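Working notes, structure below.
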Amino acid sequence: MFKRKLVKIIPFLLALVLLISTFASCNENGGKTTNPAAGKIDTLVVGTTMAIEKASRSEYYFDVLSGTITQMALVRVDESGAYQPLMAEFETSDSKTWTFTITDGLTWHDGTPVTAEDVKFTIEYLDLQNNGGYLSRYEDIAVLNDRQIKLVLKTANARHLSNFTAMRIIPKHIYDGVADMSTVAEELATIGCGPYKFVRFDKNAGVIEFTAYKDYVGGVPNVKTVIFKMYSNADTMNLALKAEEIDMVYYYAGGVDITAAADFVKNGNITISTVKDASNTAVLVFNNNKAPCNDILIRKAIAAAIDYDKFLELFGSEYSTPSRTGFIPEGTAGFIETEVLTRNLDAARAYLAEAGAVDSNNDGIVEYHGEPLVIELLVRSDKPIYTRYAELLQLNLAEVGIKITLKIVDVAEFRSISEKEHTNQMMVTKFTAYGMSSGAGMGSSYMSGLGTSSGQGQIMDAAYAEIVDRLGSATSMEEYFAAAADCQKYYAANTSSVALYWDCYIQAYNNRLSGFIIDGTFGLLNMPTWFSIEEQTD
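Residue numbers for the sequence shown follow this note's numbering, so the first one is 4 and each next one is one higher.
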């Protein structure tokens with residue numbers, strides 16, 4: 004049997020490295036800074052452009068934000084890539100049976116003890132709320148006592164802990180019997196068990212406030228009050244950071260753009276750090292189950308027509324790297340080298356011709372199955388850079404006779420179309436580090452279309468399903484790496500989707516701050532950071 008201190012199962016989030024020196028290389032090692040003259044903080048103001056409509060677990064960005072401060076998961080990934088307890092210790096002897104022991108004395112913010120029943124309830128409840136995918140992996144779920152729960156998988160999975168790094172545990176005494184979690188009142192929906200408790204959400208002022216929870220079993224955090232200030236655009240937020248109206252900026256699985264970072268350096272009172280991005284920075288996602296992108300020749304033609312050098316030039320930082328056909332970012336555990344993606348217009352035209360797509364009337368658009376080849380590209384309205392990606396793709400593909408139309412929608416509609424309805428033909432987005440590693444890993448939670456999957460790639464191929472099964476049932480890292488290699492070879496051979504480029508993401512905070520700890524899911528802001536962050540005193 005091996006316990007949590009010996010469980011060095013490599014997570015398939017890249018072990019993120021914080022580099023405190025200005026514009027340090029992504030490949031250098033770094034860690035938290037210390038300052039002998041530093042002290043605790045009365046109020047920390049964090050700027051964000053994450054749009055939040057209500058304080059509810061059903062609200063995506065509130066759920067993400069609360070995961071950094073108030074609503075906890077069972078485990079976390081540290082900066083070295085090892086899993087560490089957050090709410091619970093864990094152990095397994097065979098990667099099939101996992102036992103979790105809740106931290107003694109841990110309570111919800113209303114004073115109710117956190118129990119193993121809450122964990123069991125969370126798995127069952129989220130299975131109903133999110134259209135499955137939770138219960139189906141288990142052979143048995145047994146509550147052993149108030150603090151212990153045993154989870155028995157149907158098949159052993161050496162990476163099972165990756166499923167718990169972002170699954171916030173839900174209080175059963177609040178949600179039991181609630182059919183729709185979005186209907187829970189704010190004062191109840193915001194109850195967590197972390198080091199901070201919710202104070203208020205003022206949508207009009209764009210403010211969410213948390214205060215240190217005096218009865219937190221882990222002690223008193225270094226910051227008394229944390230305020231998240233929401234901005235409608237990054238430019239206004241960046242000006243606020245320069246003016247010291249806010250102390251830092253934060254965006255889940257993202258950072259400031261390279262132009263803003265260069266401006267911050269000139270400002271002199273802002274620290275710039277780079278975190279290696281284990282996500283797919285910019286992705287053109289094909290719906291592999293919907294025409295015309297269910298045709299491999301069309302997918303290959305599109306991939307060959309993209310100007311990857313221009314994407315790097317316009318959008319990448321000095322740390323950007325070209326993407327590869329294998330789709331999985333370099334540095335990810337299990338990464339193998341596949342062909343670097345390059346533009347080849349002759350190859351693109353040849354693929355189109357092989358697919359029977361020709362411009363018979365010389366209007367500049369090829370006809371495919373008797374109709375002009377017009378493909379709709381789904382784009383989120385909250386990320387202006389995604390629209391810029393889409394516009395460059397329009398120009399690139401027009402050169403080979405493919406017309407791209409843009410469908411720009413808000414986040415809610417985007418998620419509904421791409422994750423539930425699956426009516427889109429293509430979409431442009433970012434795949435987060437957590438998402439790339441969740442489930443069976445290797446981006447399968449995004450790409451698979453099997454069962455009740457919400458995966459945007461909608462791959463239904465039996466050969467892919469077999470690879471995903473092997474990923475999800477690997478009992479050792481060797482087995483996982485073998486399946487991971489085959490997965491990347493599959494992506495490369497089938498052009499299932501296209502990574503446009505890979506990059507680091509850049510973090511910015513006031514020079515007074517130090518002591519950040521890196522979390523493999525949330526980056527700079529996470530539960531341990533609140534106990535290590537310090538402020539330089541005058």
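Think of the CB as a built atom: it goes at the ideal place given N, C-alpha and C, for glycine as much as any other residue.
These numbers come from a predicted model, not from an experiment.
So if DSSP puts residue i in a beta bridge, which residue, or which two residues, is it bridged to?
i           : result
residue 211 : 204 and 231
residue 443 : BP columns for residue 443 are empty, so no partner.
residue 375 : 370
residue 141 : 156
residue 429 : 289 and 380
residue 46  : 228
residue 324 : 505
residue 434 : 283
residue 462 : 451
residue 51  : 233
Just how far apart, CA to CA, sit residue i and residue j?
i           : j           : result
residue 361 : residue 483 : 43 Å
residue 161 : residue 442 : 12 Å
residue 187 : residue 59  : 8 Å
residue 496 : residue 372 : 24 Å
residue 142 : residue 159 : 11 Å
residue 298 : residue 292 : 9 Å
residue 14  : residue 506 : With a pLDDT of 36 at residue 14, under the threshold of 50, the predicted position of this residue should be treated as unreliable, though the coordinate-derived value follows. Approximately 20 Å, taken between the alpha carbons.
residue 515 : residue 533 : 15 Å
residue 257 : residue 508 : 6 Å
residue 272 : residue 45  : 20 Å
residue 288 : residue 264 : 28 Å
residue 150 : residue 104 : 5 Å
residue 326 : residue 396 : 16 Å
residue 539 : residue 519 : 13 Å
residue 347 : residue 318 : 21 Å
residue 281 : residue 467 : 22 Å
residue 451 : residue 472 : 11 Å
residue 119 : residue 148 : 7 Å
residue 527 : residue 511 : 10 Å
residue 337 : residue 487 : 6 Å
residue 236 : residue 439 : 27 Å
residue 177 : residue 189 : 12 Å
residue 110 : residue 284 : 37 Å
residue 204 : residue 175 : 23 Å
residue 223 : residue 274 : 26 Å
Residue i lies in the beta strand (DSSP E); which residues open and close that run?
i           : result
residue 502 : 500-504
residue 67  : Residue 67 -> not in any beta strand (DSSP E); alpha helix (DSSP H) instead, spanning 63-69.
residue 512 : 508-513
residue 521 : Element bounds for residue 521: n/a, residue is neither H nor E.
residue 3   : Coverage of the chain is limited to positions 4 through 541, which leaves residue 3 absent and any answer about it impossible.
Residue range of the alpha helix (DSSP H) that residue i falls in?
i           : result
residue 349 : 348-357
residue 450 : 447-450
residue 533 : 532-535
residue 480 : 480-497
residue 131 : 119-132
residue 466 : 465-475
With distances taken between CB atoms, is the gap from residue i to residue j smaller than 8 Å?
i           : j           : result
residue 411 : residue 432 : no
residue 64  : residue 53  : yes
residue 430 : residue 503 : no
residue 339 : residue 445 : no
residue 230 : residue 212 : yes
residue 49  : residue 253 : yes
residue 140 : residue 164 : no
residue 128 : residue 173 : yes
residue 170 : residue 125 : yes
residue 308 : residue 399 : yes
residue 522 : residue 226 : no
residue 200 : residue 498 : no
residue 55  : residue 113 : no
residue 368 : residue 406 : yes
residue 322 : residue 277 : yes
residue 168 : residue 437 : yes
residue 494 : residue 328 : yes
residue 220 : residue 106 : yes
Just checking: is the beta-carbon of residue i within a distance shorter than 8 Å of some beta-carbon in chain B?
i           : result
residue 525 : Included in the structure is just one protein chain, with no chain B present.
Query - Within the segment 238-322, ranges of the beta strand (DSSP E) (whole runs, at least 3 residues) - result: 273-278 and 283-289
Requested in this report: For the segment 143-227, list the beta strand (DSSP E) runs that are entirely contained and at least 3 residues long, ordered along the chain.
Outcome: 151-156, 199-205 and 210-215
Query - Length at least 4, wholly inside the segment 389-421: the alpha helix (DSSP H) runs in chain order - result: 414-418
Query raised in the report: Which full runs of the beta strand (DSSP E) of 3+ residues lie inside the segment 68-115, going along the chain?
Result: 78-80, 86-88, 91-95 and 100-105
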